[in-house]
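Numbering (my numbering), first residue to last: 4 to 384. I have placed the structure first, in the form of structure tokens, so that the comments after it can refer back to it.
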């Protein structure tokens with residue numbers, strides 16, 4: 004009988020300690036590499052999201068500023084006078100958004116009454132204070148060419164109603180874009196008139212140089228459009244609208260003064276786009292908002308921390324630059340604006356990383372091409 008001896012192999016305590024030490028060193032090195040990689044990924048994702056929001060905000064802002072005044076007369080469009088001051092920044096439900104309130108249009112320095120609506124309305128220090136810094140508001144106005152409202156004949160049937168009818172044949176001023184066979188119905192759910200829209204009327208009454216009268220007014224749609232026959236629609240502009248445009252008792256600039264007037268060759272009415280940009284800080288994070296006429300504002304971007312403008316104006320050969328209040332302290336009016344300077348459109352990332360928030364700032368100048376042409380190259384003496 005023979006004996007066989009077996010010998011079990013294993014690690015000594017010293018070997019275990021050495022291997023554990025090496026493993027910890029490798030894990031530590033991997034962790035040191037992983038943490039910067041995660042941080043870099045976070046920074047890249049935050050910056051990418053912020054750049055998308057920033058690009059959307061800056062593109063919309065620059066597009067609307069460059070269109071300010073398009074289609075408007077040189078003298079502006081009369082606002083209601085002799086009554087309650089008209090406002091902007093409130094939607095069809097009555098809620099007001101600009102610093103939790105309505106914003107009043109600037110007064111005419113010579114009369115104290117609201118100045119006409121021009122292509123741009125500065126809102127110096129109208130916005131909320133964020134992180135101790137005062138923000139501004141800017142409002143642009145131009146004609147909406149998407150809805151062919153000018154193809155319709157229009158009659159002001161009362162101080163609160165107007166009737167639109169589509170003539171046959173269409174007037175020569177009605178130019179249909181490619182792909183559109185007829186002007187859109189005014190109750191079209193996609194592009195038609197809805198409560199909160201603002202309409203600019205240019206109508207007349209009487210014939211001949213001695214008897215003819217003409218007038219303009221802005222009015223806010225307050226009810227869904229009602230069909231009144233073949234291609235005929237009744238539109239309501241009820242008193243008590245949130246923008247205070249439909250004032251029956253005002254002495255000027257309302258449908259009361261043009262009641263019974265009409266336009267039978269097109270060009271009698273246009274839908275206006277009165278667009279306000281402002282920062283709303285009533286939510287969790289400040290939001291950059293775009294508001295059209297009397298409709299609920301649409302968020303454009305989050306975490307916009309600062310919005311400031313200055314303006315260049317032209318008056319009788321003199322140029323006034325970088326006026327933060329739009330020239331009001333100089334006794335100038337929005338009619339004399341020629342350029343908008345975006346002093347600061349500042350945005351930061353949604354969250355802070357180890358190195359703090361990511362941020363972007365925009366500073367640029369945009370020519371008011373429609374107003375600049377009128378001011379620098381007058382058509383008359």
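Even glycine gets a Cβ: it sits at the ideal position worked out from N, Cα and C. Remember, predicted model here, so these are calculated numbers, not experimental data.
Distance, residue j Cα to residue i Cα
| i | j | result |
| --- | --- | --- |
| residue 374 | residue 343 | 11 angstroms |
| residue 167 | residue 135 | 50 angstroms |
| residue 188 | residue 366 | 42 angstroms |
| residue 293 | residue 63 | 9 angstroms |
| residue 170 | residue 201 | 23 angstroms |
| residue 3 | residue 299 | Absent from the structure is residue 3, since the part of the chain shown begins at 4 and ends at 384. |
| residue 98 | residue 150 | 26 angstroms |
| residue 236 | residue 152 | 11 angstroms |
| residue 196 | residue 231 | 15 angstroms |
| residue 185 | residue 310 | 42 angstroms |
| residue 364 | residue 52 | 15 angstroms |
| residue 287 | residue 59 | 21 angstroms |
| residue 100 | residue 29 | 57 angstroms |
| residue 220 | residue 281 | 26 angstroms |
| residue 115 | residue 362 | 42 angstroms |
| residue 85 | residue 57 | 42 angstroms |
| residue 256 | residue 346 | 34 angstroms |
| residue 19 | residue 27 | 12 angstroms |
| residue 340 | residue 245 | 28 angstroms |
| residue 226 | residue 291 | 29 angstroms |
Given residue i as reference, the closest of the options once Cα atoms are compared
| i | options | result |
| --- | --- | --- |
| residue 77 | 347, 338 and 345 | 338 |
| residue 238 | 245, 232, 224 and 86 | 224 |
| residue 296 | 326, 199, 217 and 205 | 199 |
| residue 260 | 275, 231, 206 and 283 | 206 |
| residue 139 | 247, 235, 313 and 109 | 313 |
| residue 278 | 137, 226, 93 and 190 | 93 |
| residue 70 | 81, 179, 182 and 148 | 148 |
| residue 270 | 154, 113 and 83 | 154 |
| residue 351 | 325, 307 and 340 | 307 |
| residue 371 | 284, 122, 25 and 32 | 122 |
Three-way DSSP call (helix, strand, coil) for residue i in this model
| i | result |
| --- | --- |
| residue 259 | helix |
| residue 167 | strand |
| residue 372 | helix |
| residue 156 | strand |
| residue 54 | helix |
| residue 384 | Its pLDDT being 46, under 50, residue 384 is placed unreliably in this model, and the value from its coordinates should be taken loosely. Correct three-state label for residue 384: coil. |
| residue 367 | strand |
| residue 235 | strand |
| residue 64 | helix |
| residue 113 | coil |
| residue 134 | coil |
| residue 268 | coil |
Extent of the continuous beta strand (DSSP E) to which residue i belongs
| i | result |
| --- | --- |
| residue 291 | 290-295 |
| residue 343 | 340-351 |
| residue 101 | Careful: residue 101 lies outside any beta strand (DSSP E) and carries neither H nor E. |
| residue 125 | 123-126 |
| residue 204 | 201-208 |
Neighbourhood of residue i by C-beta distance below 6 angstroms, restricted to the same chain and skipping five residues each side
| i | result |
| --- | --- |
| residue 107 | 88 and 90 |
| residue 17 | none |
| residue 209 | 215 and 216 |
Beta-carbon contacts of residue i that lie in its chain and below 7 angstroms, excluding the five residues immediately before and after
| i | result |
| --- | --- |
| residue 110 | 116, 117 and 118 |
| residue 65 | 369 |
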